[in-house]
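Residue numbers (this note's numbering): 1 to 60.
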């Protein structure tokens, strides 16, 4: 797992790159993480990214 400073850099860069852009597709490597996502993950394609944030070492 990356160290927290690296995660912060990833979040900053991703936010600059994808914020306000529509999601083209979502690929889950481990569906366990989003087993109870609302709305269901298959409904987010085409939705606009509002922000990229982190919760601990997880990128949201």
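By construction, the Cβ of each residue, glycine as well, lies at the ideal position given by its N, Cα and C atoms. A quick note: this is a predicted structure, and the numbers were derived from the prediction, not measured.
If residue 60 and residue 46 are in contact, beta carbons under 8 angstroms, what's the gap, nearest whole angstrom?
Not quite, the Cβ-Cβ distance comes to about 19 angstroms (not below 8 angstroms), so this is no contact.
Taking just the CA atoms, how far does residue 52 sit from residue 32?
20 angstroms
From the DSSP output, in three-state form, read off residue 55 for me.
strand
Quick one: what does DSSP say residue 13 is sitting in, helix, strand or coil?
helix
Measure how close the beta-carbons of residue 44 and residue 18 come, nearest whole angstrom, since I'm counting them as under 8 angstroms.
Actually they do not touch by this definition, with Cβ atoms about 13 angstroms apart.
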